[in-house]
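Some notes on the structure that comes next.
Residue numbers (our numbering): 5 to 276.
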C-alpha cells in the first residue's frame, strides 16, 4: 500500500495499524513513529528525551483553560503560536500577540482538538527542511530547503491550495546552505533512527541567528518530499524505492514469532 494522505486517521498510525493487522506492506512509518510524530506535545517530549533542541511550549487542555494558563503564557512571553496537538497541514494554527488574541486562538484550536500546544513565536527565524529516507539498511538525508512565504508560518493554503501553491511547487531556496546544515542533517537522521521511522520523512526546523530547533516530524510529507531528492532520484524512482523497501520490511516481519502456545488457562491455579 502506498500511503499518501495527511492528518488524523491517516498519518497518526491508525491506517498503519490496520495494515499491520492485515499483514499488508506499506510505504510509511509504523504505528508508534506515526502516532508520536502526529501529536505535537508527545513529539516535543520525545525530542527532549534524545536531547534535541525544541521551542519552549505550554500544553493546554480544553478542560483547564483558566487564569493560571494565561499567566503561564505571559511568563513564556508573547507572541505565541497556538497549535492543535493532533492535526497537520497547519490547520487551526494562529499567532497571538496578546491575551485577547490568545483567547481567540485557543477557541479556534480547540475546535479541532482537545489538546493545544502553545509555543513561543520566535522572532527573526526562518523555516528549513530536510528529508530523510531509510533504504536497504542505510539512512540518507537530503539537501536542505528554505521555503519562502509571506506569512508568519506556512499556512494550509501555502502548502496545498492549487498546484502552484503546493509544497512541491511553492517558492523555495534549494539547495539551501547555512552554517548548521550538516548538524541539522545529522540530527534529522538521528531522529529517524531513534524513532524507528520508515519510508520518506521530512524534518522541519526553525533556524535563528545563533541556533536552531526541530519544529515538526512529517512521516508522510507532501509529494513524498521528492523535490528534496531531485538531485538523486526522479519521482518515479523514489516511489518505487519506497515500495521495494516496504515489501522488504514486511518480509522481515513475517519471519518474527508473534504467537506463543501455552496451557496456562487450562490449569486450575496459576502463579503471579
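Glycine residues also receive a C-beta, built at the ideal position from the N, C-alpha and C atoms.
According to DSSP, residue 86 sits in a beta bridge with which residue or residues? 98 and 122, per the DSSP bridge assignment.
Residue 263, buried or exposed, once every other Cβ within 10 Å from all chains shown has been counted against 16: Under this definition residue 263 is an exposed residue.
Mind checking which residues open and close the alpha helix (DSSP H) that includes residue 72? Per DSSP, the continuous alpha helix (DSSP H) segment holding residue 72 begins and ends at 71-80.
Inspect the CB distances between the segment 202-214 and the segment 223-230 and report whether three or more fall short of 8 Å. Taking a cut-off of 8 Å on C-beta distances, the segment 202-214 touches the segment 223-230, as three or more cross pairs fall below it.
With a Cβ-Cβ cutoff of 7 Å, do residue 37 and residue 135 count as a contact? No, they are not a contact pair.
DSSP has residue 139 in a bridge; who is on the other side? Answer by DSSP bridge pairing, in chain order: 142.
In three-state DSSP terms, what is residue 167? In this predicted model, residue 167 has a pLDDT of only 47, less than 50, meaning its place in the structure is not dependable; the value taken from the coordinates is given anyway. Note: residue 167 maps to helix in three-state DSSP.
Quick one: using the 10 Å Cβ neighbour count with 16 as the cut-off for buried, is residue 256 buried or exposed? Result: exposed.
How far does the alpha helix (DSSP H) with residue 25 in it extend, from its first residue to its last? First-last of the alpha helix (DSSP H) with residue 25: 18-26.
Report the three-state DSSP secondary structure of residue 238 (helix, strand or coil). Three-state result, residue 238: coil.
Name the residue from 144, 48 and 21 whose alpha carbon lies nearest to the alpha carbon of residue 196. Nearest neighbour of residue 196 by Cα position, chosen from 144, 48 and 21, turns out to be 144.
Could you check the C-alpha separation between residue 126 and residue 98 for me, to the nearest Å? In a straight line, the C-alpha of residue 126 is about 14 Å away from that of residue 98.
Should residue 177 and residue 150 be called a contact, given that it needs their Cβ atoms to be closer than 7 Å? Closer than 7 Å, so yes.
N- and C-terminal bounds of the beta strand (DSSP E) containing residue 220: It spans 216-222 - the beta strand (DSSP E) in which residue 220 sits, taken as one unbroken run.
What residue range is occupied by the uninterrupted beta strand (DSSP E) comprising residue 61? From DSSP, the beta strand (DSSP E) with residue 61 extends over 61-65.
What's the C-alpha gap between residue 110 and residue 269? Between residue 110 and residue 269, the C-alpha separation is close to 51 Å.
As assigned by DSSP and simplified to three states, the class of residue 210: Reduced to three states, the DSSP call for residue 210 is strand.
Residues near residue 113 in its chain [Cβ-Cβ closer than 6 Å; skip 5 each side]: Result list for residue 113: 86, 88, 96 and 120, in chain order.
Could you work out which residue in 124, 21, 115 and 34 is closest to residue 77 when comparing CA atoms only? Comparing Cα positions, the closest option is 124.
With distances taken from CA atoms, which of 192, 240 and 216 is nearest residue 147? Of the listed residues, the one whose Cα sits closest to residue 147 is 192.
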